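A.B. asks: Residue numbers (my numbering): 154 to 636.
We put the CB at the ideal spot given by N, CA and C, even for glycine.
Predicted model only: the values in this text are computed from it and were never measured.
Quick one: this structure, given as structure tokens, is what I'll be asking you about.
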């Protein structure tokens with residue numbers, strides 16, 4: 154009893170057995186002292202150890218709960234437009250990635266939008282061609298004006314216009330007017346020069362000279378007015394062409410934005426414009442907006458669905474919630490820790506994996522107490538990287554609330570019992586292990602409080618401890634070296 158637990162290691166080491174040798178060296182009776190000898194090769198292969206530590210005690214609240222999806226990581230998939238389901242690409246329980254096609258729907262609304270885009274794109278192409286033509290015409294007329302300004306001879310100006318890369322018919326009436334006006338101006342200049350030369354010789358009258366001079370001025374004014382009119386019309390025509398392109402672009406962009414609302418990307422929209430994939434016309438692809446697992450499927454081939462019908466639900470199972478029911482009497486302790494901003498740990502166990510402890514953190518306490526059960530909902534955030542936990546599983550949860558009390562702690566699996574006594578096996582030295590009777594206190598997760606019997610820092614066996622136990626319990630058989 155008590156005296157046996159108070160025996161020191163030095164006293165144990167000095168004791169001798171009935172045959173006169175140190176009892177710890179006697180293979181027949183060292184067990185009477187609770188000493189076990191084990192070859193290092195065996196202990197290294199079979200025995201696991203741990204250090205007895207001193208740590209903070211925690212108050213443990215034991216509650217039950219249910220594993221559920223993290224609602225912040227769940228998304229319902231609805232079609233962007235009504236239509237008939239023509240293909241199902243994803244199945245219940247399937248892992249999908251962001252952008253994967255889950256289903257295909259034949260939608261008349263999408264078809265109408267694609268047709269409108271095709272019409273707008275065609276109008277834009279026509280406007281762009283007209284703008285290009287107008288730029289070419291303007292450049293040709295400008296070139297003609299430059300030639301006429303440099304060349305008094307209208308015939309040479311006409312030839313210059315003929316040399317243009319722009320067909321004469323594209324220059325239209327302006328070409329004829331300009332060449333005609335240039336010819337009139339050339340004629341007026343010739344008459345004026347002739348009358349001017351004849352006047353000193355009295356071969357022509359003063360009146361005829363003045364008439365030729367007035368005709369030249371009038372013709373010059375008419376030509377200048379025509380050139381100004383041509384420049385103005387060139388600017389107006391260019392402005393009209395540019396404005397037509399901008400309007401066509403605006404309409405095309407507006408229809409393209411509508412297609413984007415159906416989930417079409419830029420490449421798909423471009424293919425609609427160029428008629429690259431006629432087979433896709435009016436085919437609406439329902440894509441996964443995020444990666445995860447298909448947890449709900451309510452889509453079947455041939456079914457007509459509208460834009461409010463949820464086809465799939467995708468959940469991210471890498472992080473889950475456990476909603477627990479906490480009794481009202483335990484609320485104050487938990488609320489105090491959360492109110493101080495402290496992390497509150499929780500250990501979760503489920504029936505399917507009895508030996509596995511899933512570590513989580515309490516992050517939310519409900520705002521109301523259930524009037525029937527007198528409990529409040531508590532949420533535990535839980536990592537599920539290996540996918541072992543499933544929504545709907547029943548869970549036993551231990552919520553750990555730190556206290557200011559210090560205690561000696563040992564792994565629970567290291568503590569054995571026999572005849573109402575608790576004990577552990579401490580590594581003594583070399584290949585010797587020693588049974589140490591202990592008094593245990595409160596349980597804390599995977600550890601137990603050691604009130605007396607073990608000191609912090611000592612090494613104890615945590616695995617294959619029953620080999621030690623079976624050896625030291627030979628004392629019950631009455632065997633010894635004197636028998």
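Taking all protein chains shown into account, decide if residue 414 is buried (16 or more other Cβ within 10 angstroms of its Cβ) or exposed.
C.D. replies: Under this definition residue 414 is an exposed residue.
A.B. asks: Just to confirm the assignment, what range does the beta strand (DSSP E) spanning residue 590 have?
C.D. replies: Segment 585-597, the beta strand (DSSP E) holding residue 590.
A.B. asks: What is the rounded straight-line gap between the Cα of residue 379 and the Cα of residue 280?
C.D. replies: Spanning the two alpha carbons is a distance of roughly 28 Å.
A.B. asks: Whole alpha helix (DSSP H) runs in the region 410-475 with 4 or more residues, listed along the chain?
C.D. replies: Taking only runs of at least 4 residues, the alpha helix (DSSP H) segments lying wholly in the region 410-475 are 419-426.
A.B. asks: Please determine, among 543, 168, 167 and 220, the residue with the shortest C-alpha to C-alpha distance to residue 477.
C.D. replies: The shortest C-alpha separation from residue 477 is found at 220.
A.B. asks: Taking only the alpha-carbon atoms, compute the straight-line gap between residue 617 and residue 194 and give it to the nearest angstrom.
C.D. replies: If you take the alpha carbons of residue 617 and residue 194, they lie about 14 Å apart.
A.B. asks: Measuring CB to CB, does residue 565 end up less than 8 Å from residue 578?
C.D. replies: No.
A.B. asks: Could you say if the region 504-512 and the region 432-445 meet the contact criterion of at least three C-beta pairs nearer than 8 Å?
C.D. replies: No: the two stretches stay apart, fewer than three of their Cβ pairs being nearer than 8 Å.
A.B. asks: By Cβ distance below 6 Å, which residues in the same chain neighbour residue 469 in space, the five residues on each side in sequence not counted?
C.D. replies: Excluding positions up to five away in sequence, the list reads 226 and 445.
A.B. asks: Which of helix, strand or coil does DSSP assign to residue 406?
C.D. replies: In this structure, residue 406 counts as helix in the three-state DSSP scheme.
A.B. asks: Do residue 258 and residue 454 have their C-beta atoms closer together than 8 Å?
C.D. replies: Not closer than 8 Å, so no.
A.B. asks: Can you tell me whether residue 465 is buried or exposed? The criterion is at least 16 other CB atoms within 10 Å of its CB, across all chains shown.
C.D. replies: With 16 or more Cβ atoms within 10 Å of its Cβ, residue 465 is classed as buried.
A.B. asks: Does the region 203-218 come close enough to the region 228-235 that 3 or more CB-CB pairs lie under 8 Å?
C.D. replies: Touching, no.
A.B. asks: Taking the alpha-carbon positions, what's the residue 171 to residue 210 distance?
C.D. replies: So the two alpha carbons sit approximately 46 Å from each other.
A.B. asks: Here's the rule: buried if 16 or more other CB atoms are within 10 angstroms of the residue's CB, otherwise exposed. What is residue 376?
C.D. replies: Classification for residue 376: buried.
A.B. asks: Applying the 10 Å Cβ sphere with the 16-neighbour rule, what's the burial state of residue 270?
C.D. replies: Residue 270 is buried by the Cβ-count criterion.
A.B. asks: Can you tell me the Cα-Cα spacing of residue 319 and residue 289, whole angstroms?
C.D. replies: Legend: pLDDT at residue 319 = 44, less than 50; position of this residue unreliable, value from coordinates given subsequently. When rounded, the distance between both Cα atoms is 7 Å.
A.B. asks: Can you find at least 3 beta carbon pairs, one from the region 471-487 and one from the region 526-537, that sit closer than 8 Å?
C.D. replies: A contact exists between the region 471-487 and the region 526-537.
A.B. asks: Just how far apart, CA to CA, sit residue 523 and residue 529?
C.D. replies: About 6 Å.
A.B. asks: In three-state DSSP terms, what is residue 241?
C.D. replies: Strand.
A.B. asks: I believe residue 238 touches residue 452 by the beta-carbon criterion, under 8 Å. Please report the beta-carbon distance rounded to the nearest angstrom.
C.D. replies: The Cβ separation is near 6 Å, so the contact holds.
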